[in-house]
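The next block holds one structure in the form of structure tokens; read it before the comments.
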Amino acid sequence: MALTILQQPQSLTFVGNIPELIVQTDGLGMTVNISKGTTLILAEYYTADDLGRSRVLLREFLDEYLHLDLPGEVDLYEQTRSFDTFTVEIISGEFTEEITFTAIKGGSSTLNLDCASFLKESWLTWQPQIKKVKDVQVEWLSFFTQQAALVKIKGYFPGGTSETKTLHNLATGKHYTINMIYSDLRNEFVDQPIYIDVWVENDGGEAFSTYVQRYVLTDEFFEWDDFFLFKNSVGGLDTIRLTGERESTNPIEVDAALFDDEYERDYQVNPRLAFEKNTGFFRSRAELLWAMDFFQSKEKYFLLEEAFTEIRLLNPEFNAPENTLTSLEFKFSYTRQTIYLSLFKKKSPLIDPVIIGPGDDDFYLPPNIGEFPQQSDPSGLLFPVQKPGTPGWFFINWENILADILENIPSGNHNELAGLQGGDSPEGEYFHLTAEELQKVKDLQDPAPVDGVSQTGTVSFNSPTDVDVDGWKWIIGGVEYVGGEKNLPSITGTPSDYSRIDYAVGDVNGDVIWVTGPEDPDQLIDPAIPAGTILLARVIRTPSGDNTPEVTPEDLSDFVSKSATGTEIMQGSLAIGSLSDPDNPSNLIQVDTNGKIIIVRADRYGSFATRNLAVGFSRLARINTVVSGGPAIRDYQFKLDVLATLDGDVTQRGELYCALINDGTGAYVSSVLEVSGSLDPAVFTLVKVSATEYDLFYQHLDSKAILIYRPFALGPADRYLFYRREAIIPSLPPGDQYYFSLFICPFDIDGGSANSVYLTSQIIDGGNAQSFQP
Numbered sequence: 001m002a003l004t005i006l007q008q009p010q011s012l013t014f015v016g017n018i019p020e021l022i023v024q025t026d027g028l029g030m031t032v033n034i035s036k037g038t039t040l041i042l043a044e045y046y047t048a049d050d051l052g053r054s055r056v057l058l059r060e061f062l063d064e065y066l067h068l069d070l071p072g073e074v075d076l077y078e079q080t081r082s083f084d085t086f087t088v089e090i091i092s093g094e095f096t097e098e099i100t101f102t103a104i105k106g107g108s109s110t111l112n113l114d115c116a117s118f119l120k121e122s123w124l125t126w127q128p129q130i131k132k133v134k135d136v137q138v139e140w141l142s143f144f145t146q147q148a149a150l151v152k153i154k155g156y157f158p159g160g161t162s163e164t165k166t167l168h169n170l171a172t173g174k175h176y177t178i179n180m181i182y183s184d185l186r187n188e189f190v191d192q193p194i195y196i197d198v199w200v201e202n203d204g205g206e207a208f209s210t211y212v213q214r215y216v217l218t219d220e221f222f223e224w225d226d227f228f229l230f231k232n233s234v235g236g237l238d239t240i241r242l243t244g245e246r247e248s249t250n251p252i253e254v255d256a257a258l259f260d261d262e263y264e265r266d267y268q269v270n271p272r273l274a275f276e277k278n279t280g281f282f283r284s285r286a287e288l289l290w291a292m293d294f295f296q297s298k299e300k301y302f303l304l305e306e307a308f309t310e311i312r313l314l315n316p317e318f319n320a321p322e323n324t325l326t327s328l329e330f331k332f333s334y335t336r337q338t339i340y341l342s343l344f345k346k347k348s349p350l351i352d353p354v355i356i357g358p359g360d361d362d363f364y365l366p367p368n369i370g371e372f373p374q375q376s377d378p379s380g381l382l383f384p385v386q387k388p389g390t391p392g393w394f395f396i397n398w399e400n401i402l403a404d405i406l407e408n409i410p411s412g413n414h415n416e417l418a419g420l421q422g423g424d425s426p427e428g429e430y431f432h433l434t435a436e437e438l439q440k441v442k443d444l445q446d447p448a449p450v451d452g453v454s455q456t457g458t459v460s461f462n463s464p465t466d467v468d469v470d471g472w473k474w475i476i477g478g479v480e481y482v483g484g485e486k487n488l489p490s491i492t493g494t495p496s497d498y499s500r501i502d503y504a505v506g507d508v509n510g511d512v513i514w515v516t517g518p519e520d521p522d523q524l525i526d527p528a529i530p531a532g533t534i535l536l537a538r539v540i541r542t543p544s545g546d547n548t549p550e551v552t553p554e555d556l557s558d559f560v561s562k563s564a565t566g567t568e569i570m571q572g573s574l575a576i577g578s579l580s581d582p583d584n585p586s587n588l589i590q591v592d593t594n595g596k597i598i599i600v601r602a603d604r605y606g607s608f609a610t611r612n613l614a615v616g617f618s619r620l621a622r623i624n625t626v627v628s629g630g631p632a633i634r635d636y637q638f639k640l641d642v643l644a645t646l647d648g649d650v651t652q653r654g655e656l657y658c659a660l661i662n663d664g665t666g667a668y669v670s671s672v673l674e675v676s677g678s679l680d681p682a683v684f685t686l687v688k689v690s691a692t693e694y695d696l697f698y699q700h701l702d703s704k705a706i707l708i709y710r711p712f713a714l715g716p717a718d719r720y721l722f723y724r725r726e727a728i729i730p731s732l733p734p735g736d737q738y739y740f741s742l743f744i745c746p747f748d749i750d751g752g753s754a755n756s757v758y759l760t761s762q763i764i765d766g767g768n769a770q771s772f773q774p
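Quick note on this note's numbering: the sequence shown kicks off at 1 and runs consecutively.
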């Protein structure tokens, strides 16, 4: 009788990717003996089907023998139970076959996955490749070695410098879990890094390298900052930070019975300590998809009092609409429930509840105000008060307070005295407002729609000359247009010699138009957007046939900071067109005849790093300290709103403030160079390129990164040039260099950080700075 193995596991495989073992025999069946190492764990006989085939399900059976352990307080932990070598002996009559393979805890949904290649190139995690972390946030990365390897880290510092270190040496054939707490990684460097890259590469032997995992230090604060550790689906440990509200729910189930036919007593108390938790908004679709790994994990832990406590989810259900800001609700409880408590007691002296006053009177401290019952109706309430210079206590009620407030409001604000100035009825909510005030309220309640993309769609290539666009909506002149599903069958095909950029734009007829860009041997050049259209998608096309769409997000106009609405009028000294450049007018801000700033192609304004697909420096702005026909002895300052993205994830977002301060004679003695929000100050540099010119540069650290920026407020425009897109240069030009620092605003104004009103409260060149909305 013959014995043929038709399907078997790979020699190195995830246990979740082990297929059925299928064996063809001439007899009625076969005997299967499975060993883990040298220990026999299964011996069974399998009967063949009508075709003489026997099938053995290995996946679920072997998974029970593999376990991922939680490391202790070590930097490098070797997992010993997460993988093992298995031997399957197949006996049919006089024929015997034996197969041996190594199985690792975890799996992937990729069909026909080459597990050995995947393990050599990948960390064992699905978390976003760029991850914001707190200084002491627990983080682990896992890796399975197939040869000797090195764990490398690279720190990036203010000023554009970096340093690479070897963190660990890894032996072959091991499953490691590696400590990635940011503060511990930081201790490998002398200076404080802004962010750190981590990867694994070969230590001799065959060359290989994993993808780079980046950790970015953040000081973001959330009231509900909860950390969960979980065993992920690829044999690693992940920490997820969820910032939404958490509410404790503590149902207690009590079982009672009648004793002695007379007394009803509790005989079983079952606590069900649980929490309802909101995830907080996910920053990207990739982060949301990674969160699904947390929800589907069989072993999850909640960080409680600096220790991880095992939890379980209570049948969660999730809805996550596409292309919308999403947060999820779920409920979890501790796996260990007990009626016993463990409460902390202070050893320090307790606070004396009695205080002796100046007149030997006893004052008793009340409980915390939050312990009092809440009173929602102020009518009839009494408030204890004192009067300066008068001994003793008095009381006043709410009605007296309200009457005094109304009596002392200036009469000009009351329509009862000044007439129906607001045009609202006496019973209306805004009866007391003037006409000007009422109009402001109406403008806030029903703002005019902003031109741009209102719904992001898709761009799909059927062939180099045929493309489908679907789902796009855009606004032009306050009117929204619905593109629907459209086919563009005759676009320009694959570029012949050099890469180029094509656009998909929407017009006032609701049609999508394809715009072909020029080919250039030195750089990617964006085509001009036809008048009266809105940019929907930007596609980089290469001679090799690659087509990479970059869709325009719906919220690009929303990252511009908003200060209090004011009179948006250009200063009289502004020369119309002084911002334009005769040689390259599309690169700069333009000013129309009504004195409004127009940013050319504002929806893609300042997309620098995609131009040459390289790393290096781009010039954003130039300050001229000498102005034709005007005095040169001035202070100069401006402000930018900045947004940086990588692979669809927002990596930096905030405001940049630049000021040059002179001594009154023309010599510049100091500067104020600050960034706020999540901007990295190290990537911005101001360079004095000549005696009268200063250039602002941005450093691109990744070739795929996108930078978008917009001027928010500025002084006389003939002193500033803002460049839409400049060629990337490998190093900064010669000249004195000035560095930026991080400004953290301690309070809020009008719903935004206080530094959003810097320029509206200062004097620039003898006139008030104005706020312009492009």
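Just so you know, even glycine gets a beta-carbon here, dropped at the ideal spot from N, CA and C.
This structure is a prediction, so every number in the text was calculated from the model and none was measured.
Per-residue DSSP class, three states only, for residue i
{"i": "VAL508", "result": "coil"}
{"i": "GLU399", "result": "helix"}
{"i": "ILE525", "result": "coil"}
{"i": "GLN683", "result": "The amino acid at residue 683 is misidentified as Gln; the sequence shows Val. Three-state result, VAL683: helix."}
{"i": "ASN250", "result": "coil"}
{"i": "ALA609", "result": "Note on ALA609: pLDDT 42, under 50, position unreliable in the model; the coordinate value appears next. Three-state DSSP puts ALA609 in coil, outside helix and strand."}
{"i": "VAL190", "result": "coil"}
{"i": "HIS67", "result": "coil"}
{"i": "ARG619", "result": "strand"}
{"i": "VAL136", "result": "coil"}
{"i": "MET292", "result": "helix"}
{"i": "ARG653", "result": "strand"}
{"i": "SER11", "result": "coil"}
{"i": "ILE405", "result": "helix"}
{"i": "GLY517", "result": "coil"}
{"i": "GLY16", "result": "helix"}
{"i": "SER731", "result": "coil"}
Cβ neighbour criterion (16 or more within 10 Å) applied to residue i
{"i": "TRP224", "result": "exposed"}
{"i": "TRP126", "result": "buried"}
{"i": "ALA2", "result": "exposed"}
{"i": "LYS387", "result": "exposed"}
{"i": "VAL198", "result": "buried"}
{"i": "VAL482", "result": "exposed"}
{"i": "GLU121", "result": "exposed"}
{"i": "GLY606", "result": "For GLY606, the pLDDT reaches just 36, beneath the cut-off of 50, and the residue's location in the model is therefore unreliable, leaving the point undetermined."}
{"i": "TYR720", "result": "buried"}
{"i": "GLY16", "result": "buried"}
{"i": "PRO378", "result": "exposed"}
{"i": "PHE393", "result": "With the sequence shown as reference, residue 393 is identified as Trp, and Phe is not the correct amino acid for it. Answer is exposed; the Cβ neighbour count stays below 16."}
{"i": "ASP50", "result": "exposed"}
{"i": "VAL200", "result": "buried"}
Option in the options with minimal Cα separation from residue i
{"i": "VAL32", "options": "ASP69, GLU480, THR96 and PHE294", "result": "THR96"}
{"i": "VAL467", "options": "LEU314, VAL539, TYR340 and THR243", "result": "VAL539"}
{"i": "ARG653", "options": "ALA537, PHE638 and VAL683", "result": "VAL683"}
{"i": "PRO316", "options": "TYR636, LYS277, ASP451 and TYR739", "result": "LYS277"}
{"i": "GLN7", "options": "GLU399, ARG312 and ARG55", "result": "ARG55"}
{"i": "TYR709", "options": "ASP520, ALA644 and ALA528", "result": "ALA644"}
{"i": "LEU707", "options": "TYR723, ARG241 and ARG265", "result": "TYR723"}
{"i": "PHE638", "options": "TYR694, VAL615, PRO521 and ILE476", "result": "TYR694"}
{"i": "ARG500", "options": "PRO549, TRP472 and THR4", "result": "PRO549"}
{"i": "LEU242", "options": "ILE513, LEU328, THR164 and ILE252", "result": "LEU328"}
For residue j and residue i, believed in contact at Cβ under 8 Å, the rounded distance
{"i": "THR533", "j": "ASP507", "result": "5 Å"}
{"i": "LYS166", "j": "THR145", "result": "Looking at the sequence provided, one finds Thr at residue 166 rather than Lys. The pair is not a contact, with the Cβ atoms about 15 Å apart (cut-off 8 Å)."}
{"i": "LYS132", "j": "VAL216", "result": "5 Å"}
{"i": "LEU679", "j": "LEU696", "result": "No, LEU679 and LEU696 are not in contact; Cβ-Cβ is about 13 Å, not under 8 Å."}
Exercise for the section: Could you tell me whether the segment 95-109 touches the segment 226-246, using the rule of 3 or more Cβ pairs below 8 Å? Expected result: Yes: at least three Cβ pairs fall under 8 Å.
Practice task
Take every Cβ of the segment 43-61, pair it with every Cβ of the segment 148-159, and state whether three or more of those distances are shorter than 8 Å.
Solution key: Verdict: no, contact absent.
Exercise for the section: Kindly confirm or deny that the segment 154-165 and the segment 124-138 touch, where touching means at least three C-beta pairs closer than 8 Å. Expected result: no
Handout entry: Validate contact between the segment 69-79 and the segment 179-194 using beta carbons, cut 8 Å, 3 pairs
Key = yes
Handout entry: Sufficient close CB pairs (3 or more, under 8 Å) joining the segment 243-262 to the segment 294-306
Key = no
Handout entry: Three-pair Cβ contact test at 8 Å for the segment 470-485 versus the segment 516-529
Key = In this structure the segment 470-485 does not touch the segment 516-529; the number of beta carbon pairs closer than 8 Å is below three.
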